[in-house]
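The structure appears below as structure tokens.
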Amino acid sequence: MPTNRGRGALLVVLAAVLVAGCSSEPEPPPTYRLTGDACGAVDPAEFAALTRATPAKKPSKLVESLDGGNCAMEFDGAGGYVLLTTFIAIHPSGEAAAKARYDEFRQKDGERVTPGSDLKVVDVEGLGTAAYLYRQHDDSKPWTPGELWLYKYIVRHGSLLLTVNATGTAREGADWPTVEQEMQDKVKKNAEETMKALRA
1 MPTNRGRGAL LVVLAAVLVA GCSSEPEPPP TYRLTGDACG AVDPAEFAAL TRATPAKKPS
61 KLVESLDGGN CAMEFDGAGG YVLLTTFIAI HPSGEAAAKA RYDEFRQKDG ERVTPGSDLK
121 VVDVEGLGTA AYLYRQHDDS KPWTPGELWL YKYIVRHGSL LLTVNATGTA REGADWPTVE
181 QEMQDKVKKN AEETMKALRA
């Protein structure tokens, strides 16, 4: 049977372990780098399966002051149509520049949301340092695959500013989600996969 002194020492050790575990800092953002054109960092598989189409890819470079690029993928098949646009901007000057541009985008998208419009801007947790979703949907009726949808994720993580914008509609709804959240999650997953592909 431990003495009172022994129990006290054990409690002190346990408290120290708990405090150490709770005070750990989040991991710093990784170094991001684009090798090749922007389309090489984007996985088309999810939307190719929905539309049953091989995407037409149009990569382009960014302005000289930024590393990264832009990729437009157009899926036009028997299952439906999707336009997926990915904008990758890696700021050589660091995180402050990425934050300034992110804040600018967040403010402008927020200003587009007016009473009675079907636009919404929602902050997203657990995606980079900061992220938000800009979405368009008429909330007066249930979502169906045949409707035109638009989901745009803007993510800031370290020096990276990533925009993934997807819009489209189903022609045959069999392979498409009937729940709006599932469509949002597909676009979010694409953003997460692009971030992984950009890790140096």
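The sequence shown: position 71 = 71 (the numbering used here), numbered continuously. We treat Cβ as the ideally placed atom computed from N, Cα and C, and that holds for glycine.
Assumed close pair residue 88, residue 50 - CB separation to whole angstroms, cut-off 8 Å: Not really, about 23 Å apart at Cβ, beyond 8 Å.
Which of helix, strand or coil DSSP assigns to residue 27: Coil.
Which residues DSSP lists as bridging residue 60, in chain order: The beta-bridge partner set that DSSP reports for residue 60 consists of 70.
Beta bridge counterpart(s) of residue 89 as assigned by DSSP: 68 and 161, per the DSSP bridge assignment.
Residues bridged to residue 122 [DSSP beta-bridge criterion]: In DSSP, residue 122 forms a bridge with 133.
8 Å contact criterion, which residue 231 and residue 190 should meet: CB distance rounded: This structure cannot speak to residue 231, because the chain is shown only from 1 to 200.
Validate contact between the region 75-92 and the region 103-121 using beta carbons, cut 8 Å, 3 pairs: Contact between the region 75-92 and the region 103-121 is absent: fewer than 3 CB-CB pairs across the two stretches fall below 8 Å.
Test item: CB-CB of residue 63 and residue 194 under 7 Å: For the pair residue 63 and residue 194, the CB atoms are not nearer than the 7 Å cut-off.
Residue 83 and residue 47 closer than 7 Å at C-beta: Judged by beta-carbon spacing, residue 47 lies beyond the 7 Å limit of residue 83, meaning their Cβ atoms are not closer than that value.
Exposed unless 16 or more other CB atoms sit within 10 angstroms - verdict on residue 60: Classification of residue 60: exposed, given that the 10 Å Cβ count is below 16.
8 Å contact criterion, which residue 32 and residue 200 should meet: CB distance rounded: Going by Cβ atoms, the distance from residue 32 to residue 200 rounds to 6 Å, so yes, they are a contact pair.
Pair within 7 Å by beta-carbon distance, residue 134 and residue 152: In this structure, the beta-carbon distance from residue 134 to residue 152 falls below 7 Å.
Proximity below 7 Å, CB of residue 30 to CB of residue 44: For residue 30 and residue 44, no; Cβs fall outside 7 Å.
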